[in-house]
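Have a look at the structure below before the remarks.
Protein chains: 2
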Amino acid sequence: MALEHAILVSLLEKPGSGYELARRFERSIGYFWTATHQQIYRVLKRMESDGWVDVRDVAQYGRPDKKEYSVAGPGRAALAAWLNEATEPESVRHDLAVKVRGAAFGDPAALISEVERHRQAHTDRLAHYLAGETRDFGEPPAHGPLDAERELQHVVLRGGIAYERMMIAWLDDVLATLAGFDAGR
Amino acid sequence: MALEHAILVSLLEKPGSGYELARRFERSIGYFWTATHQQIYRVLKRMESDGWVDVRDVAQYGRPDKKEYSVAGPGRAALAAWLNEATEPESVRHDLAVKVRGAAFGDPAALISEVERHRQAHTDRLAHYLAGETRDFGEPPAHGPLDAERELQHVVLRGGIAYERMMIAWLDDVLATLAGFDAGR
DNA sequence: TCCTCCTATGCACCTCGTTGCATAGCAACG
DNA sequence: CGTTGCTATGCAACGAGGTGCATAGGAGGA
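Heads up: the sequence lines are chains B and P, in that order. In terms of my numbering, the numbers along the first sequence are unbroken and rise by one, the last being 194. In terms of my numbering, the numbers along the second sequence are unbroken and rise by one, the last being 194.
Right, here's the structure in full:
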């Protein structure tokens, strides 16, 4: 389980509340690790009782108070230990691939609109990534070329961009294959 | 949940026992949808009681008897319904991406061997895919160019190949980034 | 003969993840 | 003043998924 480690990384990048973490998991972090607010609150409780994070009540004006979490020593140690631990690549799960193979036993042409829907979703996400790259990494950093945090965030984003481009190209391949059945009928 | 649909597709391609399905999920199907034998047996029971599949006891010599499952009418209908249903892209989970961003708060160089391990795994899998492609799709099919089942299996395999190539290229990008910190120190 | 391995099926338990719901403060709008 | 909507936290229940273990037939080797 890497959710607790993903939370540690996010809190090291910037301390915040459960609610703020949940919103980060809808954007940057969530592009390669998803979590709902329920999971996050539950795991934060456990991490707090394990001494991995510290909590601080923060009064806010114009909105409800919040609990701001930050990483404590044992949390840092746990993250360091996990980084040195060998983990297997996460299992891939593409329901669309199941559908494509299943289309052989139904109407392949009926799948075209579904594939196009997925293609659109990946195109949108790619545009979003590219906009984020220009915004956050377009200019060389003011504090020298060796800011590890920034460089590593950028290489992860480049991974997301490569993934979306690969998916769009593959979905075009799928569409061409499906169109071939139509034409050849 | 697509496990039941993945099982339906696999049984339509070829009827078999839970044990055989489990081994298929370790190879072809398992490249884009994973499942343990426990999940498979459990779901097969449910599918049987729902009338999605038929069972046939098969006596074997030199090994224990087995139950051979095949898809029944309601199962076919359920698959067709699912194919016409809009599903969201599965959420991606790359623990390595979490590690890469986490490396900013530890020793980036310590991550190199872990990244290289993953790169090797993806290289191995790519070689396996390419061998399978040559074996299964190298020759044009004897029964005409419009065998939908074969064509669709091939396009899914091409997706796997594209994924592995993308991952290898990205891992090289990560390694170059990590090496940059070492050199610049 | 015993040990190990492969085929084949299954139970019990536990964790992870999701859904639905509840509560509560405050802002903005009609 | 009521409704809607955003911030913020949390409980309860359920289903999916994974680990460990158990059983059982037969093959093959030490």
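Glycine is no exception: its CB is placed at the ideal position from the N, C-alpha and C atoms. For clarity, every value in this text was computed on a predicted model and none was experimentally measured.
Handout entry: Beta-carbon spacing of Ala-106/B, Leu-92/P below 9 Å
Key = no
Exercise for the section: Output yes if chain B places a C-beta closer than 9 Å to the C-beta of Ala-136/P; else output no. Expected result: no
Problem - Cβ of Met-175/B within 9 Å of any chain P Cβ - result: yes
Practice task
Give a yes or no on whether the C-beta atoms belonging to Val-62/B and Leu-161/P are separated by under 9 Å.
Solution key: no
Handout entry: Short CB-CB distance (under 9 Å) between Phe-146/P and chain B
Key = no
Practice task
Please classify Met-56/B: is it buried, with 16 or more other beta-carbons within 10 angstroms of its beta-carbon, or exposed?
Solution key: buried
Handout entry: Leu-139/B classed as buried or exposed, judged by whether at least 16 other C-beta atoms fall within 10 angstroms
Key = exposed
Practice task
Under 7 Å between beta-carbons, which chain P residues line up against Ser-100/B? List them in chain order, please.
Solution key: Thr-43
Exercise for the section: Taking only beta-carbon positions, decide if His-131/P is within less than 9 Å of chain B. Expected result: yes
Handout entry: Residue burial classification, Arg-33/B (beta-carbon count within 10 angstroms, cutoff 16)
Key = buried
Problem - For Arg-55/P, three-class secondary structure by DSSP - result: helix
Practice task
Given a cut-off of 9 Å, decide if Arg-65/P and Leu-21/P are closer than it, judged by their beta-carbon atoms.
Solution key: no
Exercise for the section: Find out if the Cβ-Cβ distance for the pair His-103/B, Phe-41/P is shorter than 9 Å. Expected result: yes
Handout entry: Rounded distance between the beta-carbons of Arg-126/B and Ala-95/P, thought under 8 Å
Key = 6 Å
Handout entry: Min CB distance Asp-104/B to chain P below 9 Å
Key = yes
Exercise for the section: Express the C-alpha separation of Pro-73/P and Leu-12/B in angstroms, rounding to a whole number. Expected result: 42 Å
Practice task
With a threshold of 16 other CB atoms inside 10 Å of the CB of Ala-112/P, please say whether the residue is buried or exposed.
Solution key: buried
Problem - C-alpha distance - Ile-49/P paired with Leu-180/B, whole-angstrom precision - result: 29 Å
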